[in-house]
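A.B. asks: In UniProt numbering, the protein residues as written are 1 to 125. In this text, a Cβ means the ideal position worked out from N, Cα and C, and glycines have one as well. Model, not experiment: these values are computed from the prediction.
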Amino acid sequence: MTEIAVCRPYEELGVEEISRTKSRMMRMEKRAVGIVHEVLSLTVEKMVEVEKISHFRNWFGIDLNVKDLFLDHPGMFYLSTKGKRHTVFLREAYERGCLIESNLVYEARKLLDLVLSELSWVGKR
1 MTEIAVCRPY
11 EELGVEEISR
21 TKSRMMRMEK
31 RAVGIVHEVL
41 SLTVEKMVEV
51 EKISHFRNWF
61 GIDLNVKDLF
71 LDHPGMFYLS
81 TKGKRHTVFL
91 REAYERGCLI
101 ESNLVYEARK
111 LLDLVLSELS
121 WVGKR
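In structure tokens form, the structure reads like this:
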């Protein structure tokens, strides 16, 4: 598990931190990493499309480019590009491409995907 000194994600930024200093930017980045890490750890598959995280930037109070945030922290996040889609994975939740702690919902989704792909393959015959 990767350890990183992050600011508390639920901590509000004070008025004294309005100036754009380098230390403030580093603090904001650590806070954003903490928030995104928390969101990804709450998802079933420990992954989400970058665009979906970007929709909540203002709500989370993240003023940074989320894609750059993932690229700047390769030990914590894995960014996958498939076509025009960018998906971010929580690196600590995966080992050799598989979820370390899968749950029933994840297993059911995988099984459903397998059944649907077999049905579409049989239908093409």
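What does a CB cutoff of less than 8 Å around S23 pick up in its chain, not counting 5 residues either side in sequence?
C.D. replies: Result list for S23: empty, nothing under 8 Å.
A.B. asks: Let me confirm a value: K46 is counted as buried when at least 16 other C-beta atoms fall within 10 Å, else exposed. Which label applies?
C.D. replies: buried
A.B. asks: Going along the chain, which residues of its own chain have a beta-carbon closer than 6 Å to the beta-carbon of V105, five neighbours each way excluded?
C.D. replies: V44
A.B. asks: Within this structure, are the beta carbons of V66 and V50 separated by less than 8 Å?
C.D. replies: yes
A.B. asks: With a cut-off of 8 Å on the beta carbons, I'd call L99 and A108 a contact; round off their distance for me.
C.D. replies: That belief does not hold up - the Cβ atoms of L99 and A108 are roughly 13 Å apart, past 8 Å.
A.B. asks: Do M28 and D72 have their C-beta atoms within less than 8 Å of each other?
C.D. replies: no
A.B. asks: If you count every other CB in all the chains shown that lies within 10 Å of the CB of V36, and 16 or more means buried, which is it?
C.D. replies: buried
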